[in-house]
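Colleague: Structure incoming, see below.
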């Protein structure tokens, strides 16, 4: 349980790094995830930087109503590409969850709050194995038809490799989905996180999800199965000359705040080793 | 201190994975690194698979003589691209160390044992910062002139990014070094290890160093600054359709042996999460 004031402190720190989009809170069932029960208090408690777009993860209409009430700038709905994973995650089939997505999309239109979607297990399902890009393409078309113009393709279980990324991007861009804004959401469970980013970048993708310090998966255990770390991503892109507008030093300072919330070390590597220029001067790391 | 019998057990396990080259031991000063004092006993104690090339790291003529005595198939000399790092590592300038390299090369010719070189800090030095590809090119030319046809470019301190990899490969391949066999040696200190591999692969490099379980840096501390993990590399290449001839299951079993030698978790990720197909069935990893 991270205190509300600490969550606010972290989001405020991230707001001054140059990052322009923060998925700040989740309006999920407080019974299922009591850690997130303070989402409204967090979103109304932060200092809003007018340059930053603050979104909220919402599973259904009820969550979306709470997000709109709390003045979220945007909402993120999610669905798995596979029934197996969707049933595990929200106890509904994909078809059943699409009704929830449609309701959130409608509420978003009515309230003027933009909605984006995440399709998890886009690169593989631990039970079903490989996921056909065609399946992800069909869900994407459905999303576009329902007014969701940006889709985050989630590698929820760390099964993406450069080959899978290329196959999905090629399927999406080769099949007439005009106006689709492709966002890649990688986990580093099997070490391929930044390799997948490089591959996607080469194919024209320029929108990536990442988590400060590499939190995620199980944020309260020191496991390396979280999202790619935002500071590791920015650090690599900086050296590649890809402009992010993010101040790496400020971002590492924010990751240090996140580190204070958990037992053990967060998986983010630049947080530990410092940037390649050696600017943080942590001794004993360079060998 | 890993017992000699355990080292032999690990190398024997690696020998049956399909890997064709193993840097098995280091003939370094037993006063400086008592952990390596049993190098001769290890190399003569293993079951030699005739399909595998067993090499030894040697810092100088004395180490090379011991390696030849122990029937090493090959020797690996090393030098840094920067004086700062070379002085820290062996208390000699690069120019002074080149004399050692020349002596080992001569001994290799005389004894018929092939010698390869590692140039560490090829992508950056923690004190000096960026290392000019031109500097690495000059050292490479010197190596070729002294009969060393394969060079491993070491990212000793984890400062390589796809941009630095591309710059070095382009400098090397664009400047007439015929017969040079480029080997990339990445560490995952800042998360870019496999991203660097993908970049190098695209530029035609097909020879990579890796360490079972991601050991290295400080093998007796659970830090993420070792080499890229062999099984993470093979796992990614397998899914990309790049033939390695290595049996991933057997390799993970070897990494499990290595895991038994150290406190804490080795940094290798596939060792922990299992291959993407989910074949190892470790529960609770996939989220």
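Residue numbers (my numbering), protein chains in the order written: chain B, 1 to 287; chain Y, 288 to 574.
Cβ coordinates follow ideal geometry from the N, Cα and C atoms, glycine included.
Provide the residue(s) that pair with residue 362/Y in DSSP beta bridges, ordered along the chain.
Modeller: Beta-bridge pairing by DSSP links residue 362/Y to 343/Y, 402/Y.
Colleague: I need the straight-line Cα distance from residue 211/B to residue 115/B, nearest angstrom please.
Modeller: 20 Å
Colleague: Please check the pair residue 478/Y and residue 239/B, which I expect to be a contact at CB under 8 Å, by giving their CB distance rounded to whole angstroms.
Modeller: Their Cβ separation, rounded to whole angstroms, is 12 Å, which puts residue 478/Y and residue 239/B out of contact at 8 Å.
Colleague: Quick one, which of 76/B, 91/B, 89/B has its alpha-carbon nearest residue 102/B's?
Modeller: Minimum Cα distance to residue 102/B is reached at 76/B.
Colleague: Just by C-beta distance, which residues in the stretch 439-457 of chain Y are closer than 8 Å to chain B?
Modeller: 443, 444, 445, 446, 448, 449, 450, 451
Colleague: Hey, how far is the Cα of residue 283/B from the Cα of residue 296/Y?
Modeller: Unreliable placement is indicated for residue 283/B, whose pLDDT of 35 sits below 50; the coordinate value is still reported in the next sentence. Their backbone Cα atoms lie some 35 Å apart in a straight line.
Colleague: Could you give the first and the last residue of the continuous alpha helix (DSSP H) run that contains residue 522/Y?
Modeller: 517-526
Colleague: Rounded to the nearest angstrom, how far is the Cβ of residue 472/Y from that of residue 513/Y, given a contact under 8 Å?
Modeller: Actually they are not in contact, since the Cβ atoms of residue 472/Y and residue 513/Y sit about 12 Å apart, beyond 8 Å.
Colleague: Name, please, each residue of chain A whose Cβ falls closer than 8 Å to the Cβ of residue 526/Y.
Modeller: Although the question refers to chain A, the structure presented lacks it and instead comprises the protein chains B and Y.
Colleague: Would you identify the three-state DSSP class for residue 141/B, choosing helix, strand or coil?
Modeller: helix
Colleague: Closer than 8 Å, Cβ to Cβ, to anything on chain B: give me those residues from the stretch 363-374 of chain Y, in chain order.
Modeller: none
Colleague: Whole-angstrom Cβ separation of residue 452/Y and residue 486/Y, contact assumed at under 8 Å?
Modeller: 5 Å
Colleague: How is residue 457/Y classed by DSSP in three states: helix, strand or coil?
Modeller: helix
Colleague: Strictly below 7 Å CB to CB, what residues from chain Y border residue 211/B?
Modeller: The premise fails here: residue 211/B is roughly 13 Å from chain Y at the closest Cβ pair, so nothing lies under 7 Å.
Colleague: For residue 493/Y, would you say it is in contact with chain B, using Cβ-to-Cβ distances shorter than 8 Å as the test?
Modeller: Not an interface residue.
Colleague: Looking at chain B, which residues of the stretch 515-541 of chain Y have a Cβ within less than 8 Å of any of its Cβ atoms?
Modeller: 515, 516, 519, 522, 523, 526, 527, 528
Colleague: Do you know offhand how far residue 482/Y's Cα is from residue 244/B's?
Modeller: 18 Å
Colleague: Can residue 418/Y and residue 345/Y be called in contact, C-beta distance under 8 Å?
Modeller: no
Colleague: Grab me the residues of residue 171/B's own chain with a C-beta within less than 6 Å of its C-beta, minus the 5 sequence neighbours each way, in chain order.
Modeller: So the list reads 133, 137, once near-sequence residues are dropped.
Colleague: Using a Cβ-Cβ cutoff of less than 6 Å, which residues in the same chain neighbour residue 127/B once the five nearest sequence positions on both sides are dropped?
Modeller: Contacts found: 84.
Colleague: Using a threshold of 8 Å, state whether the C-beta atoms of residue 289/Y and residue 311/Y are closer than that.
Modeller: no
Colleague: Report the residue from 178/B, 33/B, 11/B whose alpha carbon sits nearest the alpha carbon of residue 47/B.
Modeller: 11/B
Colleague: Select from the stretch 375-400 of chain Y all residues with a C-beta closer than 7 Å to any C-beta belonging to chain B, and list them in chain order.
Modeller: Listed by position along the chain: nothing, the set is empty.
Colleague: Within the same chain, show all residues whose beta-carbon is closer than 6 Å to that of residue 505/Y, passing over the 5 residues directly before and after it, in chain order.
Modeller: Unreliable positioning characterises residue 505/Y in this predicted model, as indicated by a pLDDT of 49, which lies under 50. A coordinate reading is not provided.
Colleague: Assign residue 24/B to one of three DSSP states: helix, strand, or coil.
Modeller: strand
Colleague: List the residues of chain Y that residue 190/B touches, going by C-beta distances under 7 Å, in chain order.
Modeller: Those are 519, 522, 556, 557, 560, 563, listed as they occur along chain Y.
Colleague: Which residue wins for smallest C-alpha separation from residue 352/B, given the options 70/B, 27/B, 50/B, 56/B?
Modeller: Given that chain B is displayed from residue 1 to residue 287, the structure contains no residue 352/B and the question cannot be resolved.
Colleague: In chain order, what residues of the same chain have a beta carbon less than 7 Å from the beta carbon of residue 544/Y, not counting five sequence neighbours either side?
Modeller: 296, 297, 300
Colleague: Please report how far the alpha carbon of residue 448/Y lies from the alpha carbon of residue 63/B, in whole angstroms.
Modeller: 41 Å
Colleague: Any C-beta of chain B sitting closer than 8 Å to the C-beta of residue 411/Y?
Modeller: yes
Colleague: List the residues that DSSP assigns as beta-bridge partners of residue 367/Y.
Modeller: 407/Y
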